[in-house]
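Its first residue numbered 156, the sequence shown is counted upward by one per residue in my numbering. Even glycine gets a Cβ: it sits at the ideal position worked out from N, Cα and C.
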Amino acid sequence: MPSYELIVAAALVGALTFYLLFGGADFGAGIWTLFAMGRQGQPQRALIDQAIGPIWEANHVWLIIAVVILFTAFPPAFAVISVRLHIPLTLMLIGIVLRGTAFAIRTHDISSRPDGFTGAPPIWHRIFAWSSLLTPTMLGIVLGAIASGRAAAPTVTYVRYTGKQAMISRMALVKLFSVKSLDRRSRSDSRLS
Numbered sequence: 156m157p158s159y160e161l162i163v164a165a166a167l168v169g170a171l172t173f174y175l176l177f178g179g180a181d182f183g184a185g186i187w188t189l190f191a192m193g194r195q196g197q198p199q200r201a202l203i204d205q206a207i208g209p210i211w212e213a214n215h216v217w218l219i220i221a222v223v224i225l226f227t228a229f230p231p232a233f234a235v236i237s238v239r240l241h242i243p244l245t246l247m248l249i250g251i252v253l254r255g256t257a258f259a260i261r262t263h264d265i266s267s268r269p270d271g272f273t274g275a276p277p278i279w280h281r282i283f284a285w286s287s288l289l290t291p292t293m294l295g296i297v298l299g300a301i302a303s304g305r306a307a308a309p310t311v312t313y314v315r316y317t318g319k320q321a322m323i324s325r326m327a328l329v330k331l332f333s334v335k336s337l338d339r340r341s342r343s344d345s346r347l348s
């Protein structure tokens, strides 16, 4: 019979896995808006908003579940992670909040702009795109620091969680989300033409 800790750890890993898998579409679409420019930029952004609109906020439930499991089942680990990795965790949370705000304003703002167009000012498209890049980057730093064991070191500085493993984890997450978005884009381009 598996122990209580093993069952809860499996649930924690499952919640993080679902967050990473389902977040690929969200963050990848956000990263893709960095490249949605020119004539096709606005139709691509509209397609991105339609594609992720119904599900973009629901994905954060997996992250909330993971944090609650970590906090309630493994308080010493939660304390170490939240204290020693507070900078990337805070930046990740800022990215999540900015991303949610930008998405809501982008998709629901119908006010007139000085340039004669309606909708959100272009700054909100950039905030959405850059925060979609910031969030998985910081998540990669956190997961890389945890996987390397550096988060458990007695003294952790920014140098500790910007090591090789954290950098590789960060680049892998951003690449994963970008590739998922490019795959969806190639299918959506055939629908646009």
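Residue span of the alpha helix (DSSP H) that contains residue i, given as start and end
i	result
Gln199	196-207
Ile260	241-263
Pro291	277-303
Trp211	Neither: Trp211 is in no alpha helix (DSSP H) and is coded neither H nor E.
Gly178	159-187
Same chain, Cβ closer than 7 Å to residue i, five either side skipped, listed in chain order
i	result
Ile249	none
Phe173	Trp217
Leu167	Ala221, Ile224, Leu225
Ala232	Leu225
Val314	Residue confidence is low: Val314 scores 48 on pLDDT, short of 50, so the model does not pin down where it sits. No coordinate-derived value is stated.
Phe258	Trp211, Phe283
Top-ranked residue by Cα proximity to residue i, from the options
i	options	result
Thr188	Ser324, Leu288, Arg239	Leu288
Val163	Gly179, Val223, Ala259	Val223
Ala300	Leu253, Gly255, Met322, Trp217	Met322
Thr262	Gly304, Gln205, Phe229	Gln205
Val252	Thr290, Arg281, Ala221, His280	Thr290
Ala349	His280, Val329, Ala165	Nothing can be reported for residue 349: it is not among the residues displayed for the chain, which extend from 156 to 348.
Ile186	His280, Pro276, Gly208, Gly304	His280
Gly196	Met326, Gly295, Leu328, Ala284	Ala284
Gly295	Trp211, Gly178, Ala259	Gly178
Glu212	Arg194, Ala180, Ala234	Ala180
Arg254	Pro157, Ala184, Ala170	Ala184
Ala327	Leu171, Gly169, Leu175, Leu161	Leu175
Met192	Pro277, Ser324, Ser286	Pro277
Cβ neighbours of residue i in the same chain (closer than 8 Å, five flanking residues each side left out)
i	result
Leu244	Ile236, Ser237, Met293, Val297
Met247	Leu289, Thr290, Met293, Leu294, Val297
Close Cβ partners of residue i (< 6 Å) along its chain, the five nearest in sequence each way excluded
i	result
Arg194	none
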